[in-house]
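Quick note, the sequence shown lines up with residues 1 to 341 if you use full-length UniProt numbering. I have placed the structure first, in the form of structure tokens, so that the comments after it can refer back to it.
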Amino acid sequence: MPGRASEGVAVSEPSLPIPLPWHEPLWRRFLALYRGARLPHALLLSGPHGVGKQRFADALVAQLLCTSPGEVACGQCHGCRMLASGYHPDLLRVSPDEGKRQIRIDPIREVNAFVAQTAQQGGHRVIVLSPAEAMNVAAANALLKSLEEPGERTQFVLLADVPSRMLATIRSRCQHWSLPSPSPEHSLAWLGEQLGSREEAAFWYRVSGGLPLLAVELATPDSRALRNQLHETFDALVRGAEPVAEAARLDRQSLESILWYGIAWLEDLIRLGLSGEADEVRNPDLLPLFRQAVKNARVQDWFRLLDFAREQRRLLAAGGNPNPQLVLEAWLVRWSTLLRS
């Protein structure tokens, strides 16, 4: 993840992105507003992680910076070539510093200076903030003036998984576009192309909870390896392994991902415990583990563990700095107690 404000940074793909198939209705809305010179100066794109917010934003940025746009950016003009090469002087991206979870005030000061400049290519100046809910209070307050008085042909694009975590004063100055989850048909067709097989597409689509870009992320070798390691960890806990020792084997830098998997698995456990139906779970390959766990503890106990995991993840998202090793130890001790009760 890039740190601070990154002027001139564009998409990392070698060619310019285009909207995903399920973005078509919203893309048509964008084009109508853009061509009619009615596009709001600040857009807030929201939706769950994996629905394609970044892809839509990248396509939108390309369209705004293209000097000969059609239905999508032309890919041939000077602006498009700069963007595809990884540099455009009229684009500024802002995200948390490397290893940090908050957007602090310094990169927002860079945004305010950027907004005060004239576009070097004579077109739009575009600022992309992601995730917008990562701005701390000082950063959000510093951004308000630029949002209120952005100047001509200045476009803000804010991305948020959970917009309710943003300051209300920031949200109120943006037009909010919620990106819907795609249909299974759209998702599976697209995933089949990305992953190379219908079976892989169906499995990871189910694991992701119906979010295709998240499915692609989960199917990467690193994510698969972490998932397999966690499966082995919980199998070991069922067999009586020491939870603190198991926590020490996990990568502390992967705490957020570990909690994400744990939450998804706990939700599966609860579904299975309440309905008894295997078809309800998102991780069918883990059913033997889930069935053993359901036998060993009451559903309300799993709900309490789910609350703990969600609270730890919320604290991380809010910019908290808990000790990862202590969080992992406390979490696995709780798991172990329930798995062996």
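C-beta: ideal position from N, C-alpha, C; glycine also.
Under DSSP, A42 takes part in a beta bridge, and its partners are F156.
Here T220 is exposed: its Cβ has fewer than 16 other Cβ atoms, across all protein chains shown, within 10 Å.
For S208, the three-state secondary structure derived from DSSP is helix. For S187, same chain residues with a beta-carbon under 7 angstroms away, outside a window of 5 residues either side, are Y205, G210 and P212 in chain order. A straight line joining the alpha-carbon of E149 with that of G79 spans about 26 angstroms.
Each of Q253, T337, L60 and S46 was checked against the Cα of A241, and the nearest Cα belongs to T337. Ranked by Cα distance from V111, the first of V137, L144 and S46 is L144. L158 sits away from L83, with the two beta carbons spaced by 8 angstroms or more. Excluding the 5 residues flanking it on each side, A142 has same chain C-beta neighbours closer than 6 angstroms at I105 and I108, in chain order. A contact between stretches requires three or more CB pairs, one per stretch, nearer than 8 angstroms, and the segment 118-135 fails this requirement with the segment 295-307. In the DSSP assignment, no residue is bridged to S336. Taking 8 angstroms as the upper bound for CB-CB distance, W22 and S183 are in contact here, some 7 angstroms apart. For Q229, the closest C-alpha among the options N321, C77 and D251 is that of D251. The distance from the Cβ of L332 to that of E246 is about 6 angstroms, consistent with a contact at the 8 angstroms cut-off.
Among the bridge pairs identified by DSSP, S95 is matched with none.
Look at R125 here: in three-state DSSP terms it is strand.
As a beta-bridge residue in DSSP terms, W177 pairs with L45. The residue among L65, V207 and S95 with its C-alpha nearest the C-alpha of R81 is L65.
Under the DSSP assignment, Q253 falls outside any alpha helix (DSSP H); it carries neither an H nor an E label. Runs of alpha helix (DSSP H) with 4 or more residues, each lying fully within the segment 251-325, are found at 255-275, 287-296 and 299-317, listed in chain order.
Just measuring C-alpha positions, the residue of L129, H88, A134 and R227 sitting nearest K100 is A134. DSSP places I18 in the coil class of the three-state scheme, outside both helix and strand.
Judged by DSSP in its simplified three-state form, M135 adopts strand. Distance from the CA atom of I258 to the CA atom of E267, rounded to whole angstroms, is 14 angstroms. Excluding residues up to 5 positions away in sequence, L289 lie with their Cβ nearer than 7 angstroms to the Cβ of D235 in the same chain. Taking the C-beta atoms as reference points, A160 is found nearer than 8 angstroms to S46. A contact is defined here as three or more CB-CB pairs under 8 angstroms, and the segment 162-171 fails this definition with respect to the segment 51-62. Contact check for N296 against R340 passes: the beta carbons are separated by less than 8 angstroms. If you draw a straight line from the Cα of R198 to the Cα of T233, it comes to about 29 angstroms. Sequence-distant partners of R173 (beyond 5 residues in either direction) whose C-beta falls short of 8 angstroms from its own C-beta, in its chain, are A42, L144, L147 and E148. With contacts defined as CB atoms closer than 8 angstroms, V299 and G276 fail to qualify as a contacting pair.
By the Cβ-count criterion, T118 is exposed, with fewer than 16 other Cβ atoms from all chains shown falling within 10 Å of its own Cβ. The closest CA to that of G86, considering only V162, A62, R29 and E24, is found on A62.
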